[in-house]
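Student: Residues in the sequence shown are numbered consecutively from 142, following this note's numbering.
Where a beta carbon is used, it is the ideal one built from N, C-alpha and C, also for glycine.
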Amino acid sequence: MLARRPEAGSFVGLVVVYAFFAFLGGAVFTGAPGWSSWLNIAAEVGIVALPVGLLMIAGELDISVGSVIPASSMTAAIVSGHYGLPAPVGIACGLGTGLLVGFVNGYLVTRTRIPSLIVTIGTMFGVMGLTLGFAVLIVGSTSVSLVPDAFTKLILGTFIGGMFNVSMFWWAAFVVSVFFLLHVSPVGNWIFAIGGDRESARNAGIPTRQLTVALYMLSGFAAAFVGILQLMTYQSAQVATGQSFIFNSIMCVVIGGVLLTGGSGSVIGIVTGTVTFAIVNQGIFFSGLDPNIGSVIIGALLLAAVLSNDTFRALALSYSAKKK
């Protein structure tokens, strides 16, 4: 039964990777320092990966998340740090930036015939340029500091026990919300239908354009939220941050069993892929291996995931056909 699940391959990869680094890293990696290290990474990447995964299931891509993260944090820092407005106002402006970029992405993708990859690359560079330009124009620097109030710091930027970032709880909230959206609500079936055959979905009465725009706005919101979390944690916003999230989030989604062609995937798989990526990312430092080995392992996992996706999907489809 489990072997026929689409995310079965990513779960096997997770077990193997954790066992490998647990053996090399020893008690430090399997203890609180190791767990906090990869969980903190997984939380931030995971929040971005979830809506990126929804878009990929719907047959779309979003490359602009890497520019939305610094744009949102810089916006909030300028509003509340430079101009001194209350933190909630800065946070709202930062999140609004993400929603606006997501709306522009969705509008351009649905109103033109330009592939989403090209559209979001364009908006990525556009947002990067605007962020840099406005930062230099307004504050004369590429970094802005912000000291949040105690409550804002507590809920958005605290390290529990000095190790575990509060972003883990926000990640859990995103996981529950996206799981409900994709696997419980009727909207989930619409997302799978769009990824399977957009024209057929439109002919069936599914609001494909509105849903696609909404998914891009969700992706922009999630990226902006990570930018806010980083700002409140480190109390500083930098223009040149967030680029690693572009491919890291896509890798987590693909490792988690989401098909590149759309129409198949699961939230559990995305979470599993995210955890696997984070364990590899941090396990290298605890094991004492050459950091380049981490890139090799992640690359191998990515290739294995792509190769195994079709196999596990075929098993799942064959099982469904037999049940009928």
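Should T253 go down as buried or exposed, given a rule of 16 or more other Cβ atoms within 10 Å for buried?
Tutor: T253 should be labelled exposed.
Student: In chain order, which continuous runs of the beta strand (DSSP E) of length 3 or greater are located wholly inside the segment 359-387?
Tutor: Listed in chain order, they are 377-379.
Student: Looking only at its own chain, which residues have a Cβ that is under 7 Å from the Cβ of I420, when we skip the five neighbours before and after it?
Tutor: So the list reads V158, Y159, F162 and W179, once near-sequence residues are dropped.
Student: Counting Cβ pairs, one atom from each stretch, are 3 or more of them under 8 Å apart for the segment 162-177 and the segment 362-377?
Tutor: Taking 8 Å as the limit for Cβ pairs, the verdict is that the segment 362-377 does not touch the segment 162-177.
Student: With respect to 6 Å, is the separation between the Cβ of L191 and the closest non-hydrogen atom of the ligand MG below this value?
Tutor: The ligand MG is not part of this structure, which contains no ligands at all.
Student: Let's see if you can read the secondary structure: which residues bound the alpha helix (DSSP H) around V186?
Tutor: A173 to I198 is the span of the alpha helix (DSSP H), which, as asked, contains V186.
Student: Would you give the residue range spanned by the alpha helix (DSSP H) that S286 belongs to?
Tutor: It is not in any alpha helix (DSSP H) - S286 instead sits in the beta strand (DSSP E) that spans S284 to S286.
Student: Taking 7 Å as the threshold (C-beta atoms), are V260 and A212 in contact?
Tutor: Not a contact, by the Cβ cut-off of 7 Å.
Student: So I198 and S405 are in contact, right, with Cβ under 8 Å, and what is the actual spacing, rounded?
Tutor: Right, the Cβ-Cβ distance comes to about 7 Å (below 8 Å), so this counts as a contact.
Student: What does DSSP give as the partner residues of N306 in its beta bridges?
Tutor: For N306, which the question treats as bridged, DSSP gives the partners F300.
Student: With contact counted as at least three CB pairs below 8 Å, one residue from each stretch, are the segment 223-243 and the segment 430-437 in contact?
Tutor: These segments do not touch.
Student: Are L287 and G222 touching if we call contact CB-CB under 7 Å?
Tutor: Cβ distance < 7 Å, so L287 and G222 count as in contact.
Student: What residues in its chain sit with their C-beta under 7 Å from that of I219, if we drop five residues either side in the sequence?
Tutor: Once the five neighbours on either side are set aside, the close Cβ partners of I219 are I279, V280 and V285.
Student: State the DSSP-derived secondary structure class of V220, mapped to helix, strand or coil.
Tutor: Helix.
Student: Answer with buried or exposed for I332, where buried requires no fewer than 16 other C-beta atoms within 10 angstroms of its C-beta.
Tutor: Flag for I332 reads buried.
Student: Between L352 and the rest of its own chain, which residues show a CB-CB distance below 8 Å, the 5 nearest in sequence each way excluded?
Tutor: Only A199, V328, W331, I332 and I335 meet the Cβ criterion.
Student: Three Cβ pairs or more, each shorter than 8 Å: is that satisfied between the segment 306-315 and the segment 185-194?
Tutor: Short answer: they touch.
Student: Mapping the DSSP letters down to three states, classify S108 as helix, strand or coil.
Tutor: With the chain running from 142 to 465 in the structure shown, residue 108 is simply not present.
Student: Evaluate M215 with the Cβ neighbour count: other Cβ atoms within 10 Å of its Cβ, from every protein chain shown; 16 or more gives buried, anything less gives exposed.
Tutor: M215 comes out buried.
Student: If I follow the unbroken alpha helix (DSSP H) through T238, where does it start and stop?
Tutor: First-last of the alpha helix (DSSP H) with T238: A228 to R252.
Student: Give the straight-line distance between the Cα atoms of N246 and S436, rounded to the nearest whole angstrom.
Tutor: C-alpha separation (whole angstroms): 30 Å.
Student: Going by alpha carbons, who is nearest to G207 out of V399, P227, V412 and A381?
Tutor: Residue A381 is the option with its Cα nearest to G207.
Student: I'd like to check one pair, I188 with A399: are the Cβ atoms closer than 7 Å?
Tutor: Rather than Ala, the amino acid found at residue 399 in this sequence is Val. In this structure, I188 does not lie closer than 7 Å to V399 by Cβ.
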